[in-house]
Structures are given as C-alpha cells and as structure tokens.
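First up is the structure itself, then whatever we jot down about it.
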Amino acid sequence: MVHGILEVVLVDAKGLKSTDFLAGKVDPYVVIQYRGQERKSSVAREQGSNPSWNETFTFRAQYPGADTQHKITLRIMDKDTFTADDFLGESIINVTDVIALGAEKGKMMLPPQKHSVVLADRTYFGEIRVGFTFTAKEDTARGESFGGWSHSSAEILQSEFRLYVACNRPSNTCL
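Residue numbers for the sequence shown follow UniProt numbering, beginning at 1 and rising by one.
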C-alpha cells in the first residue's frame with residue numbers, strides 16, 4: 001500500500017447560477033471532500049458567478065484504498081449572512097488514475113482543467129477549474145513487522161536497553 005498527499009488546486013469557476021435575486025452578487029466558496037476529509041475555501045466576496053480562489057488544499061491518500069474509487073466532491077456554496085448558505089452546484093471528479101500513476105511513479109500531476117457544475121435538479125450550469133497532484137511518501141517509520149513490533153521499533157528498543165544496562169553497571173559508567 002502506498003501512502004501520500006493528494007493536492008487539490010482550486011483555481012476558479014465560471015457561469016455559476018446566481019441565487020441572490022435581491023441581495024446582489026453571490027459570495028461563493030467551495031467545500032472539498034475526499035474520503036471523510038473536508039476542507040473549505042475562502043469566500044470569494046462580491047465575485048458573483050465568476051469567482052477566483054487560486055488556493056491549494058492537501059488530503060491524506062493511500063492506494064489502493066478500501067474502495068477502488070477515489071473521488072473528490074466540490075460543493076459550491078453561496079455564503080449568506082442572515083440565512084442558511086445556498087447550494088450553487090457541485091462537481092464530482094474521479095482522481096483514481098492520478099493517485100494510481102502517482103503511486104507507481106512517485107508523483108503525478110494533472111494541471112487545472114474545467115469540470116461541469118451540476119445543480120440540485122441534475123442539470124449542468126457553469127464550470128469549475130481544478131488541478132490535482134499526488135505525491136507518494138515513503139513510509140520509513142514503519143519498517144518490517146515482527147509480532148506487532150516494527151523492525152525499526154525493535155532496533156530502537158534493543159539499543160535503549162543496551163544503553164540502560166551499560167549505564168546501570170556497578171561502575172556507573174555509560175559505554
């Protein structure tokens with residue numbers, strides 16, 4: 001199993017549906033979800049239907065995971081002051097190939113691309129531009145496992161035990 005970091009670059013959106021008929025421009029932000037992890041973008045105040053964020057978010061990822069599908073959900077919301085925030089749309093993007101190739105090669109980058117935004121009634125309205133990078137991380141702290149102890153942990157314990165024994169000799173000298 002390969003562990004790593006999935007980086008999501010949220011660039012901008014175009015042509016989002018406006019929900020603020022009386023209040024003016026929408027104030028969009030994005031809730032990004034990946035396998036139980038959630039991040040929120042900043043609110044693009046007064047940017048209306050064509051917001052720009054240029055923000056990067058990181059998620060812990062592993063390949064292969066418990067589920068074979070690796071999907072990022074981007075929920076676009078309108079920040080409201082006195083009422084509940086409005087849903088502007090969402091985009092669900094499969095990043096399985098990015099993670100699989102990154103696990104194989106050490107790193108895989110998919111530059112920002114446009115993805116359709118889907119409304120609550122399942123119609124398309126607007127687009128969001130997002131990029132992805134998966135970087136595999138070597139798991140040096142784990143080592144080989146022996147009876148519940150990892151190889152590296154066992155070596156540390158042996159070393160500390162030898163030091164303890166050496167320091168507790170009658171001569172009180174540590175080797």
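By construction, the Cβ of each residue, glycine as well, lies at the ideal position given by its N, Cα and C atoms.
- Taken atom to atom, the span from the alpha-carbon of Leu74 to that of Val8 is near 10 angstroms.
- Boundaries of the beta strand (DSSP E) around Leu10: 2–14.
- Annotated three-state conformation of Leu119 is coil, per DSSP.
- A distance below 7 angstroms between beta-carbons, with the five flanking residues on each side excluded, links Gly102 to the following residues of its chain, in chain order: Gly4, Met108, Phe134, Thr135, Ala136.
- For Val98, the enclosing alpha helix (DSSP H) stretches over residues 96–105.
- Residue pairing by DSSP leaves Thr81 without any beta bridge partner.
- Between Ser52 and Asp27 a beta carbon distance of about 13 angstroms is seen, past the 8 angstroms cut, so the two are scored as non-contacting.
- Taking the CA atoms as reference points, Thr123 sits about 16 angstroms from Met77.
- For a cut-off of 8 angstroms, the C-beta gap from Lys25 to Leu88 is around 12 angstroms, too long to register as a contact.
- Between Ile32 and Ile72, the CB-CB gap stays under 8 angstroms.
- In this model, Gly15 and Ser49 are separated by some 5 angstroms (Cα to Cα).
- Shown here for Lys114: same chain residues with a beta carbon closer than 6 angstroms to its own, the five before and five after excluded, namely Glu127, Arg129 in chain order.
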